[in-house]
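Asks: Could you have a look at this structure, given as structure tokens, before my questions?
In the UniProt record's numbering, the protein residues as written are 1 to 700.
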């Protein structure tokens with residue numbers, strides 16, 4: 001699995017409390033400081049969930065305002081929706097650094113839960129220190145505080161021939177103080193879950209009939225190794241580390257973007273090398289100035305093999321054709337090379353106990369070289385996208401009652417286009433080959449506390465979001481390029497009310513309610529060709545998103561917790577007129593293929609020392625609800641002919657047990673307890689009932 005760059009661990013370690021001569025002085029942790037900022041942010045505490053089999057994507061999927069939608073089982077692509085905006089509008093970070101620094105395979109699926117302390121989920125407005133061009137929000141994974149020498153090993157086995165192994169450790173050389181941190185992870189699954197109600201041709205009845213069959217071409221393999229070496233707490237640095245990593249992914253392709261398109265031979269292979277250097281120093285050159293710097297180079301290669309002239313059905317049978325499986329064209333062995341250079345510099349200057357400046361610079365340069373070993377008609381090309389993202393913020397607070405922040409961001413986008421093929425689809429003939437454009441964003445956030453039970457917060461941002469390489473340049477197989485794609489621009493507003501009430505010391509109630517509004521120009525939207533099962537990203541002239549969300553969390557003592565949350569969002573196409581002057585059929589339609597009403601309910605019971613000293617038992621039960629929604633624009637077709645994704649009710653349960661002071665841990669998890677039929681992106685079926693068992697040993 002993907003390992004966390006542990007050199008960043010110590011940067012986040014803020015003590016919860018310290019005892020001074022019998023007096024317990026409580027300090028606010030980093031997570032509490034972010035929660036009490038003016039930004040609309042959810043904090044997911046992961047530290048106590050190290051032993052469960054659930055991955056980070058599924059944990060985030062349980063929070064307010066978030067939906068994670070997959071294209072299949074383990075290793076499949078997924079799309080995360082955050083307050084109505086989804087896909088590439090949401091950016092991912094690891095300790096403030098872009099997550100894809102390790103390669104395109106880096107995701108929430110392959111980072112071990114036990115390496116993360118907590119998760120920051122920013123909705124709409126994003127602080128400058130993250131440095132990205134997020135429009136819908138950002139997910140920042142914050143790694144665990146520093147530990148002494150340790151070894152952490154976990155093994156997970158589950159349904160559909162799934163197996164995962166993670167090993168992480170740390171060793172300090174006693175003489176020099178050099179830290180060595182090896183990491184290794186591997187994951188495999190056949191993903192051979194049963195597809196229910198798919199149509200197959202029945203020769204006896206001379207018609208199509210619905211039947212249940214297993215997926216037969218969906219194997220997934222992922223491996224990663226990393227070595228990190230560095231020092232800490234030296235006169236010249238607080239932390240300096242050099243790391244090298246390699247990751248490999250092999251994925252059989254079972255379907256296109258819709259499950260009626262079935263593949264039986266196509267597959268994709270990817271691998272990536274990364275070397276990086278990080279430096280962190282408090283009081284750099286002058287008191288109160290902290291410098292964090294990163295230099296990274298990634299070599300990312302991918303190949304898609306689509307060299308069989310066959311058309312498959314869900315029972316594994318096929319007929320010979322004159323076209324390949326994915327694009328319906330010639331045989332392909334399509335190569336992609338996407339080297340990535342990343343430079344990040346962050347200065348944080350605290351010049352009084354209540355005021356600070358933050359200046360962040362991020363350079364993000366992605367190459368895109370394409371060639372094909374089999375398709376002689378394919379035109380090799382080389383493209384490059386370079387982004388320079390600069391953010392400056394001023395932060396002020398007054399005695400924990402009021403906090404405010406104002407900021408400005410500058411986005412510079414340099415694009416060099418080389419590809420010219422499929423011009424009638426990609427708009428390559430009408431595109432300027434070399435462009436440099438500049439965009440400016442700005443905003444503010446504020447929070448005011450009336451009492452421990454009531455706090456108010458509000459934020460506004462005018463933001464820009466530059467197209468990613470996959471959106472602008474495609475991937476050569478399942479995503480077409482759109483070289484005319486324009487950046488998104490949005491005005492984001494968030495308001496919120498939150499607080500905590502404690503009754504008789506044992507009863508604790510936390511609540512949070514909020515509203516949000518987005519007005520997006522040139523919204524980037526994935527459009528599906530149902531005949532080919534291939535995506536292309538296009539602009540929607542104007543989209544508005546409005547919504548409300550809320551969460552209530554009740555805890556009794558330390559052994560019972562009940563959490564309820566829900567989200568309603570209304571995202572609509574507000575482009576009234578088409579290019580020919582006619583009124584758009586989709587005017588004021590909800591954006592298709594997006595849930596608009598959903599919620600979660602979770603009960604957690606836990607008890608220490610239940611089966612002896614130094615033991616711990618934890619049980620959780622989760623219910624997830626998603627209201628039905630249209631698959632395509634509701635303005636197209638009659639009421640009876642419109643495709644929709646039905647209402648879903650999914651139940652899951654987890655039981656974990658630890659002993660010997662958390663040294664040995666075992667957890668059993670059942671997802672989709674009642675084996676309900678679940679759907680995700682473009683009505684792709686999710687796995688049914690799934691069992692997982694995880695065994696973990698932690699030695700320090």
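We put the beta carbon where it would ideally sit given N, CA and C, even for glycine.
Every value quoted in this text rests on a predicted model; they were computed, and no experiment measured them.
So the beta strand (DSSP E) residue 52 belongs to, where does it begin and stop?
Replies: Where residue 52 is concerned, there is no enclosing beta strand (DSSP E), given that its DSSP letter is neither H nor E.
Asks: So, using beta-carbon positions, are residue 59 and residue 41 closer together than 8 Å?
Replies: Taking 8 Å as the Cβ cut-off, residue 59 and residue 41 do not qualify as a contacting pair.
Asks: What number of angstroms, rounded off, separates the C-alpha of residue 586 from the C-alpha of residue 630?
Replies: Using only the alpha carbons, I get a separation of about 13 Å.
Asks: Which of the three DSSP states is assigned to residue 110 in this structure?
Replies: It is helical.
Asks: Helix, strand or coil for residue 429, going by three-state DSSP, please let me know.
Replies: Looking at residue 429 - three-state DSSP - the assignment turns out to be helix.
Asks: What do you get for residue 596, buried or exposed, if any count of 16 or more other CB atoms within 10 angstroms of its CB means buried?
Replies: Burial call: buried.
Asks: Report back the beta-carbon spacing between residue 135 and residue 89 to the nearest angstrom; my notes put them in contact at under 8 Å.
Replies: Residue 135 to residue 89, Cβ: 4 Å. Contact.
Asks: Please report the Cβ distance between residue 397 and residue 354, rounded to the nearest whole angstrom; I am assuming they are in contact, meaning their Cβ atoms lie under 8 Å.
Replies: Residue 397 to residue 354, Cβ: 5 Å. Contact.
Asks: Could you tell me whether the Cβ atoms of residue 246 and residue 264 are closer together than 8 Å?
Replies: Not a contact, by the Cβ cut-off of 8 Å.
Asks: Starting from the C-beta of residue 686, find all residues in its chain whose C-beta is less than 7 Å away, skip the five residues before and the five after it, and write them out in chain order.
Replies: Counting only Cβ-Cβ distances below 7 Å, and skipping sequence neighbours, we find 70, 678, 679 and 680.
Asks: Checking the sheet assignment: what are the DSSP bridge partners for residue 573?
Replies: DSSP, once it has assigned bridges, lists 543 as partnering residue 573.
Asks: Following the continuous beta strand (DSSP E) through residue 280, name the residue where it begins and the one where it ends.
Replies: Residues 267 to 281.
Asks: Got a sec? Which residues, its chain only, sit under 7 Å from residue 556 by beta carbon, not counting five neighbours each side?
Replies: 506 and 507, listed in sequence order.
Asks: For the alpha helix (DSSP H) that residue 471 lies in, which residues bound it at each end?
Replies: Start and end: 469 to 473.
Asks: Could you pull out every residue in the same chain whose Cβ sits closer than 8 Å to the Cβ of residue 310, ignoring the five residues on either side in sequence?
Replies: Only 264, 265, 318, 319, 320, 321 and 325 meet the Cβ criterion.
Asks: Can you round the beta-carbon distance between residue 786 and residue 305 to whole angstroms, since I take them to be within the 8 Å contact cut?
Replies: Nothing can be reported for residue 786, as the shown portion of the chain is limited to 1 through 700.
Asks: Taking the runs of the alpha helix (DSSP H) that are 4 residues or longer, which of them lie wholly in the stretch 355 to 427?
Replies: Whole alpha helix (DSSP H) segments, 4+ residues: 423 to 426.
Asks: Taking buried to mean at least 16 other C-beta atoms within 10 Å of its own C-beta, is residue 376 buried or exposed?
Replies: Counting Cβ neighbours within 10 Å, residue 376 comes out exposed, since fewer than 16 surround it.
Asks: Counting Cβ pairs, one atom from each stretch, are 3 or more of them under 8 Å apart for the stretch 648 to 656 and the stretch 616 to 628?
Replies: Cβ pair count under 8 Å is three or more, so yes.
Asks: Do residue 169 and residue 152 have their C-beta atoms closer together than 8 Å?
Replies: In this structure, residue 152 lies closer than 8 Å to residue 169 by Cβ.
Asks: Is the beta carbon of residue 123 closer than 8 Å to that of residue 80?
Replies: Not a contact, by the Cβ cut-off of 8 Å.
Asks: Answer with buried or exposed for residue 102, where buried requires no fewer than 16 other C-beta atoms within 10 angstroms of its C-beta.
Replies: Answer is buried; the Cβ neighbour count reaches 16.
Asks: Measuring CA to CA, which of 464, 331, 61 and 468 is closest to residue 489?
Replies: If we check each option's Cα against that of residue 489, 464 comes out closest.
Asks: Based on the DSSP secondary-structure assignment, which residues constitute the bridge partners of residue 231?
Replies: Beta-bridge pairing links residue 231 to 240.
Asks: Checking contacts by CB at 8 Å: is residue 383 closer than that to chain C?
Replies: In the structure shown, chain C cannot be found, because there is only a single protein chain.
Asks: Any idea what DSSP makes of residue 346, helix, strand or coil?
Replies: In this structure, residue 346 counts as strand in the three-state DSSP scheme.
Asks: Using a Cβ-Cβ cut-off of 8 Å (strictly less than) and excluding sequence neighbours within five positions of residue 599, which residues of its own chain qualify?
Replies: Same-chain partners within the cutoff: 564, 565, 566, 567, 624 and 625.
Asks: Got a sec? Which residues, its chain only, sit under 6 Å from residue 47 by beta carbon, not counting five neighbours each side?
Replies: These residues qualify, in order along the chain: 117.
Asks: Measuring alpha carbon to alpha carbon, tell me which of 538, 261 and 518 ends up nearest residue 467.
Replies: It is 538 whose Cα lies nearest to the Cα of residue 467.
Asks: If you drop the 5 nearest sequence neighbours on each side, which residues of the same chain put their C-beta closer than 6 Å to that of residue 157?
Replies: Answer for residue 157: 163 and 693, listed in chain order.
Asks: When you compare each of 425, 536, 605 and 421 to residue 524 by their alpha carbons, which one comes out closest?
Replies: Of 425, 536, 605 and 421, the residue nearest in Cα terms is 536.
Asks: Going by beta carbon distance, what residues of the same chain come within less than 6 Å of residue 368, once the five residues before and after it are set aside?
Replies: Here the set comprises 338, 383, 469 and 473.
Asks: Look up residue 182 in the DSSP assignment and give the residues it is bridged to.
Replies: Its beta-bridge partners are 227.
Asks: Is residue 435 near residue 428, with beta carbons less than 8 Å apart?
Replies: Taking 8 Å as the Cβ cut-off, residue 435 and residue 428 do not qualify as a contacting pair.
Asks: I'd like the span of the beta strand (DSSP E) that includes residue 152, first residue to last.
Replies: Residue 152 -> beta strand (DSSP E) spans 150 to 158.
Asks: In the DSSP assignment, what residue or residues form a beta bridge with residue 37?
Replies: Per DSSP, none; premise fails for residue 37.
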